[in-house]
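Inspection log for the structure reproduced underneath, given as C-alpha cells.
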Amino acid sequence: MPKFQVILDLDNTLYPFRENLTQLMQKHFVGKDLMKDYVHSKHYLNGSFFEWAFRTGYGKLNKLPSWSQNLRELGNTRLFTHGKPYDGAQELTDKISSLDGLVFILTHRGTIDSPDIYFDNGFEKTKQWLANYNIKHHRLIFTQKKVETMRKLEQEYNLPILISLEDAKENAVQMAQAGFTTLLLEKTYNNINSDSLAQELISNGKLILVKDLHEAREKLEEIAHKFEN
Ligand SMILES: [Mg+2]
C-alpha cells in the first residue's frame with residue numbers, strides 16, 4: 001500500500017534542460033562559450049540570455065529563431081529524447097518506491113489538453129525518456145498549474161504529499177506557501193539571499209535547499225522516517 005506521494009519537477013530537476021538547450025543554441029554564436037556563460041549565469045530559463053548574447057555581437061545569424069522555435073527544435077533532437085538525466089535521478093525514484101511512496105512527475109512541458117503545444121509528440125517522447133532511464137513514476141502530468149494539480153492529487157489518491165522537488169524558486173515558493181514541504185535545488189538563478197519570502201519559508205522549514213539529487217534523496221529519507229514515526 002502506498003503511504004505518500006512525492007511530486008517531482010522534470011526540467012532542470014531530473015533532466016538537464018538548460019544544458020541541452022544551450023548546447024543546441026551554441027551553433028548560433030561564434031567565439032562565445034554559451035555553456036559557461038548561460039548555464040552558470042543568473043538568467044532563468046527564457047530567451048533573454050540568448051537575445052542578450054546575440055545583441056552583444058556574437059551572433060552569426062541576422063535574427064535569432066523565436067523561443068518557441070528553439071524549444072520545438074530541441075524537442076526534435078536526440079538531446080531531448082536521449083539526453084542523460086542528472087546524476088542521482090534513478091536512485092531518487094528507486095528510493096521513493098522502496099519507501100512505499102508514489103512518484104508524480106509534474107512538468108510545464110505542455111498542458112493536459114494540449115500536451116504537444118511546445119514539443120512534437122512531447123508527451124510520448126517524455127514517457128519514453130523516463131522509461132529509457134528507469135525513472136520510476138506512477139504518473140507523468142503536463143500542467144501549467146502545479147499547486148492546483150497537487151491539491152487535486154491529494155484528494156484523488158487520498159494520500160498526503162510528503163515533499164515536492166523543484167529547481168525554480170518561484171514554483172517552490174508557491175508550493176511552500178500552499179503548505180507543501182518543498183525541496184529547492186540550489187541553482188545559480190535562484191537568488192535566495194535577496195528574497196525575504198523565501199528566507200522566511202526556509203526558516204519555518206517549509207522550503208529546504210538541497211545541492212543535488214543525492215542530497216534530495218537523503219532529505220527525503222529523513223522526512224519519510226519522521227512521517228512514519
Ligand atoms: Mg524545472
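The opening position of the sequence shown corresponds to residue 1 in our numbering, with each subsequent residue numbered one higher.
Yeah, the Cβ is synthetic: ideal placement off N, Cα and C, and Gly gets one too.
Original post:
Buried or exposed: which applies to residue 30, given that a residue is buried once 16 or more other Cβ atoms fall within 10 Å of its Cβ?
Top reply: Within the sequence shown, residue 30 is the residue found at index 30, counting from 1. Looking at its Cβ environment, which holds fewer than 16 other Cβ atoms inside 10 Å, residue 30 is exposed.
**OP:** Could you check which residue in 169, 142, 179 has the C-alpha nearest to that of residue 161?
**Re:** In the sequence shown, residue 161 corresponds to position 161, counting from 1. Residue 179 is the option with its Cα nearest to residue 161.
Subject >> Reference residue 93, options 36, 143, 186, 131, closest by Cα >> reply: To locate residue 93, count along the sequence shown from 1; it is residue 93. Of 36, 143, 186, 131, the residue nearest in Cα terms is 131.
Original post:
Taking Cβ positions, are residue 70 and residue 25 nearer each other than 8 Å?
Top reply: Locating residue 70 in the sequence shown gives position 70, where the first residue counts as 1. Locating residue 25 in the sequence shown gives position 25, where the first residue counts as 1. In this structure, residue 25 lies closer than 8 Å to residue 70 by Cβ.
Subject >> Residue list, Cβ distance to ligand 1 heavy atoms smaller than 6 Å >> reply: 9, 11, 12, 13, 167, 168
**OP:** For residue 144, name the three-state secondary structure that DSSP assigns.
**Re:** As a working note, residue 144 is residue 144 in the sequence shown. Correct three-state label for residue 144: coil.
Original post:
Helix or strand or just coil, what does DSSP make of residue 31?
Top reply: Within the sequence shown, the letter at position 31 stands for residue 31. Under the three-state reduction of DSSP output, residue 31 falls in the coil class, being neither helix nor strand.
Subject >> Buried/exposed call for residue 9, threshold 16 Cβ in 10 Å >> reply: Taking the sequence shown and counting its residues from 1, the one referred to as residue 9 is at position 9. Buried, by the Cβ-count rule.
Original post:
Does the distance from the CB of residue 101 to the CB of residue 217 come in under 8 Å?
Top reply: For this step, residue 101 is matched to residue 101 along the sequence shown. For this step, residue 217 is matched to residue 217 along the sequence shown. Result no, Cβ atoms of residue 101 and residue 217 do not sit closer than 8 Å.
Original post:
Of all the beta strand (DSSP E) runs that stay within the bounds of the region 119-166, which reach a length of 3 or more residues?
Top reply: Within the region 119-166, complete beta strand (DSSP E) segments of at least 3 residues are found at 139-142, 161-166, given in chain order.
Original post:
Count the other CB atoms within 10 Å of the CB of residue 181; is the residue buried (16 or more) or exposed (fewer)?
Top reply: Reading the sequence shown from its first residue, position 181 is the one you call residue 181. Buried is the call here.
Original post:
Is there contact between the region 118-131 and the region 165-174, where contact requires at least three CB pairs shorter than 8 Å?
Top reply: Counting Cβ pairs under 8 Å, fewer than three are found: no touch.
Subject >> Sub-8 Å separation of residue 207 and residue 149 beta-carbons >> reply: Mapped onto the sequence shown, residue 207 falls at position 207. Mapped onto the sequence shown, residue 149 falls at position 149. Cβ atoms of residue 207 and residue 149: not closer than 8 Å.
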